[in-house]
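With the numbering used here applied, the sequence shown covers 1009 to 1181.
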Amino acid sequence: NDDEKLQEIRELLKLGKAPHFREDEQGTLWYKNRICVPNVDSIRKLILSTAHDTTYSIHPSSTKMYYDLKERFWWYGMKRAVAEYVAICDTYQRAKLAELYISRNVCLHGVPKRIISDRGSQFTSRFWDQLHDSLDTKLRFSIDYHPQTDRQTERTNQMLEDMLRACAIQYAK
């Protein structure tokens, strides 16, 4: 089940040219004190989901999760795999969106008493229901093409788009 890179390491190990690697009696390959994880998606996904999604881990950031996993496991591209896994985590995305909404909107303008939306998907999710309940904000949906709400909806949608773009730029750094 080893991928090509681990096979190469095993060959180098036999020649004495892989100083930080060792193989135990069961044939498990180790890098220093960490288990070398073969390139098998199901194994890596299990490790990532266990480290991120269990009730004891409380959805850590990619940096924290990487350093936690780095103590026990090793594979080529592990840091990138962790970052990608955390980036697509729904709970993490909701937390980042709430953080952006509070820091970019509520901190600057205060808690809105009411938001009128055109039923855009960004306002119809369970996340927004819970956020507005906790902020005691009324979320109202406009009637299609209602002339009094179009400008406000457009402004709100533009603001959300800007916030998401800022999040993407911040994440890319």
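Think of the CB as a built atom: it goes at the ideal place given N, C-alpha and C, for glycine as much as any other residue.
Computed from a predicted model, the values in this text were never measured in an experiment.
Exposure of residue i, with buried meaning 16 or more beta-carbon neighbours within 10 Å
i, result
"serine 1070", "buried"
"threonine 1164", "buried"
"alanine 1095", "exposed"
"isoleucine 1055", "buried"
"cysteine 1115", "exposed"
"histidine 1060", "buried"
"valine 1119", "exposed"
"leucine 1020", "exposed"
"leucine 1105", "buried"
"leucine 1023", "exposed"
"tyrosine 1075", "exposed"
Where residue i falls: helix, strand or coil (DSSP)
i, result
"glycine 1084", "Contrary to the premise, residue 1084 reads as tyrosine rather than glycine in this sequence. Reduced to three states, the DSSP call for tyrosine 1084 is coil."
"isoleucine 1055", "helix"
"leucine 1023", "coil"
"glutamate 1031", "strand"
"cysteine 1044", "strand"
"isoleucine 1177", "helix"
"asparagine 1009", "Bear in mind that the predicted position of asparagine 1009 carries a pLDDT of just 48, short of 50, making it unreliable; the figure below should be weighed with that in mind. The answer is coil: DSSP assigns asparagine 1009 none of H, G, I, E or B."
Span of the alpha helix (DSSP H), counted from its first residue to its last, around residue i
i, result
"lysine 1072", "1070-1078"
Pair within 8 Å by beta-carbon distance, residue i and residue j
i, j, result
"tryptophan 1083", "arginine 1052", "yes"
"lysine 1040", "histidine 1028", "yes"
"alanine 1176", "leucine 1108", "no"
| Is the stretch 1081-1092 touching the stretch 1104-1114, taking contact as three or more C-beta pairs under 8 Å? | no
| On the three-pair Cβ rule with 8 Å, is the stretch 1038-1051 touching the stretch 1011-1028? | Remark: three or more beta-carbon pairs, one from each stretch, lie closer than 8 Å, so the stretch 1038-1051 and the stretch 1011-1028 are flagged as touching.
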